[in-house]
Amino acid sequence: MEHPENDTSYKGLQVNSGVTSQPITNPYRRPARRRRQLTPGEYVEGIIKGDVSILGQAVTLVESTADQHQILAQEVIEKCLPYSGNSRRIGITGVPGAGKSTSIDVFGLHVLKQGGKLAVLAIDPSSERTKGSILGDKTRMEKLSQNQSAFIRPSPSAGSLGGVARKTRETIVLCEAAGYNNIFVETVGVGQSETAVHSMVDFFLLIQLAGTGDELQGIKRGIMEMADGIAINKADGDNIERANLAAAQFRNALHLFPPTPSKWRPEVMTYSGYFELGIDKVWDMIDRYFDYVKGNGYFERKRNEQAKYWMVESINEELRNNFYRQPEIRALLEQKEMRVLNNEQSSFTAAHDVLTRYFEILKSQGSPLKPGDIR
Numbered sequence: 134m135e136h137p138e139n140d141t142s143y144k145g146l147q148v149n150s151g152v153t154s155q156p157i158t159n160p161y162r163r164p165a166r167r168r169r170q171l172t173p174g175e176y177v178e179g180i181i182k183g184d185v186s187i188l189g190q191a192v193t194l195v196e197s198t199a200d201q202h203q204i205l206a207q208e209v210i211e212k213c214l215p216y217s218g219n220s221r222r223i224g225i226t227g228v229p230g231a232g233k234s235t236s237i238d239v240f241g242l243h244v245l246k247q248g249g250k251l252a253v254l255a256i257d258p259s260s261e262r263t264k265g266s267i268l269g270d271k272t273r274m275e276k277l278s279q280n281q282s283a284f285i286r287p288s289p290s291a292g293s294l295g296g297v298a299r300k301t302r303e304t305i306v307l308c309e310a311a312g313y314n315n316i317f318v319e320t321v322g323v324g325q326s327e328t329a330v331h332s333m334v335d336f337f338l339l340i341q342l343a344g345t346g347d348e349l350q351g352i353k354r355g356i357m358e359m360a361d362g363i364a365i366n367k368a369d370g371d372n373i374e375r376a377n378l379a380a381a382q383f384r385n386a387l388h389l390f391p392p393t394p395s396k397w398r399p400e401v402m403t404y405s406g407y408f409e410l411g412i413d414k415v416w417d418m419i420d421r422y423f424d425y426v427k428g429n430g431y432f433e434r435k436r437n438e439q440a441k442y443w444m445v446e447s448i449n450e451e452l453r454n455n456f457y458r459q460p461e462i463r464a465l466l467e468q469k470e471m472r473v474l475n476n477e478q479s480s481f482t483a484a485h486d487v488l489t490r491y492f493e494i495l496k497s498q499g500s501p502l503k504p505g506d507i508r
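With the sequence shown counted from 1, adding 133 to any position gets you the numbering used here.
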């Protein structure tokens, strides 16, 4: 740009044009290299060798909702299956604030002292509004996260039943193939049905608290019937007597329940995760359980039942996804919702109409399904 001050009438005055505008990015910076997509064989080879980086990438593939990632992930899982099934899967649940993460930290260190490797799949609650998660469980496992033999993977619950991440079952297979012979699955502990985590672990540990009110409020029939062991946390200092009283109440309650399918009678222990008291007693109880169920054949029978359960669950999930992926069904759902809200149609007949139309769409696409085939 030419400055008027440089006119000949202004002798002795010279104004330079100035420095041209500089680019806002560094012109000398090399473009970031895009990570090469590994083949299924490379994933499996790295996982079997215990490469934590490749294991983490494989878990990310499993959790991805992209179709191309799911195809690759399922191929990796299939190839890892022959190397899986050789771990002890332990589910840990309890109300928020019961000290699950702190307990896993000390339980994990106790396990690693005996040799082997440990994988912790910590399920973090997802927001129903934003679908986001803090994924901060790893920060509460300070000692365990520094151990080279431990693999900690926080995952969002994504709103799934019982607070268990949708792909945790597949992640267990990958971790077992990587040589992790102990798997901890920490649930959200939202007080809802914990059926999902119970259907993927061998031992189900319920962590409870004492001295926070009426201990009988914690004795819920559904969760108690699934628990293979109960541990009363924070049994230290002035709280020891209350913890022992709560343990006695839980033992009395367990006597009222029918025998478990494994014929194992759940035990109740007290411990302190913060002060690391009684950790060995809790783990001895878990050891006794595994010796018992492997001796009577229940261990293998339960693993087989779980495999069938997850096959059916996968079918149900795929059918549900297929239903909601149909554009015509989504549009019809909006129309039916308005009719139901305006009291022009009942919820049941509206659902029947939508399903009838869905089966008609499947038939037009060449599917033999018809109403009544799926219950």
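Beta carbons are placed, not taken as given, at the ideal position from N, Cα and C, and that holds for glycine.
A quick note: this is a predicted structure, and the numbers were derived from the prediction, not measured.
Using DSSP with H/G/I as helix, E/B as strand and the rest coil, what is residue i?
{"i": "Asn159", "result": "coil"}
{"i": "Met357", "result": "helix"}
{"i": "Val177", "result": "helix"}
{"i": "Leu410", "result": "strand"}
{"i": "Leu342", "result": "strand"}
{"i": "Ser288", "result": "strand"}
{"i": "Arg375", "result": "helix"}
{"i": "Phe390", "result": "coil"}
{"i": "Glu327", "result": "coil"}
{"i": "Arg384", "result": "helix"}
{"i": "Gln170", "result": "coil"}
{"i": "Ser332", "result": "coil"}
{"i": "Ser395", "result": "coil"}
{"i": "Ala310", "result": "helix"}
{"i": "Ala191", "result": "helix"}
{"i": "Gly183", "result": "coil"}
{"i": "Lys246", "result": "helix"}
{"i": "Lys276", "result": "helix"}
Rounded to whole angstroms, how far is the Cβ of residue i from the Cβ of residue j, which I believe are closer than 8 Å?
{"i": "Met357", "j": "Ala376", "result": "The Cβ separation is near 18 Å, so there is no contact."}
{"i": "Leu109", "j": "Gly362", "result": "As shown, the chain starts at 134 and ends at 508. That puts residue 109 outside it, with no answer to give."}
{"i": "Ile181", "j": "Ala343", "result": "Contact flag wrong, Cβ pair sits at about 45 Å."}
{"i": "Val122", "j": "Leu466", "result": "In the structure as shown, the chain begins at 134 and stops at 508. Residue 122 is therefore absent and cannot be evaluated."}
{"i": "Ser282", "j": "Leu254", "result": "About 16 Å; that fails the 8 Å criterion."}
{"i": "Ala231", "j": "Ile340", "result": "5 Å"}
Roughly how many angstroms lie between the CA atoms of residue i and residue j, to the nearest whole one?
{"i": "Ile494", "j": "Ser447", "result": "22 Å"}
{"i": "Gln498", "j": "Glu451", "result": "17 Å"}
{"i": "Thr320", "j": "Arg302", "result": "13 Å"}
{"i": "Pro229", "j": "Leu251", "result": "23 Å"}
{"i": "Asp200", "j": "Ala364", "result": "42 Å"}
{"i": "Ile285", "j": "Tyr216", "result": "20 Å"}
{"i": "Thr198", "j": "Leu389", "result": "44 Å"}
{"i": "Gln203", "j": "Ala381", "result": "48 Å"}
{"i": "Leu307", "j": "Arg472", "result": "47 Å"}
{"i": "Gln170", "j": "Gly189", "result": "14 Å"}
{"i": "Tyr422", "j": "Asn476", "result": "55 Å"}
{"i": "Asp371", "j": "Asn219", "result": "42 Å"}
{"i": "Glu275", "j": "Asp238", "result": "7 Å"}
{"i": "Ser234", "j": "Lys396", "result": "30 Å"}
{"i": "Phe492", "j": "Glu175", "result": "41 Å"}
{"i": "Lys427", "j": "Gly355", "result": "25 Å"}
{"i": "Ile373", "j": "Phe317", "result": "27 Å"}
{"i": "Gly248", "j": "Arg222", "result": "16 Å"}
{"i": "Arg463", "j": "Ile412", "result": "52 Å"}
{"i": "Thr393", "j": "Ala360", "result": "10 Å"}
{"i": "Leu214", "j": "Ala440", "result": "12 Å"}
{"i": "Glu211", "j": "Glu400", "result": "37 Å"}
{"i": "Met402", "j": "Arg453", "result": "42 Å"}
{"i": "Lys414", "j": "Asn366", "result": "13 Å"}
{"i": "Asp417", "j": "Glu470", "result": "55 Å"}
{"i": "Phe432", "j": "Phe408", "result": "33 Å"}
{"i": "Gln459", "j": "Ala484", "result": "15 Å"}
{"i": "Gly183", "j": "Pro391", "result": "43 Å"}
{"i": "Val509", "j": "Ile305", "result": "Residue 509 is absent from the model: the chain starts at 134 and stops at 508."}
{"i": "Pro173", "j": "Glu196", "result": "16 Å"}
{"i": "Ile256", "j": "Gly224", "result": "11 Å"}
{"i": "Ala368", "j": "Leu410", "result": "8 Å"}
Could you please give me the residues that DSSP links to residue i through a beta bridge?
{"i": "Val401", "result": "Ile363"}
{"i": "Leu251", "result": "Ala283, Asn315"}
{"i": "Gly224", "result": "Val318, Phe337"}
{"i": "Ile256", "result": "Ser288"}
Would you check whether the ligand NAD has a heavy atom nearer than 7 Å to the C-beta of residue i?
{"i": "Leu251", "result": "This structure does not include the ligand NAD; it has no bound ligands of any sort."}
Alpha helix (DSSP H) runs wholly inside the region 416–498, at least 4 long, in chain order: The region 416–498 contains these whole alpha helix (DSSP H) runs: 431–458, 460–474, 480–497.
Completely contained beta strand (DSSP E) runs for the region 195–242, where each covers 3 or more residues: As far as the region 195–242 is concerned, its whole beta strand (DSSP E) runs of at least 3 residues are 221–227.
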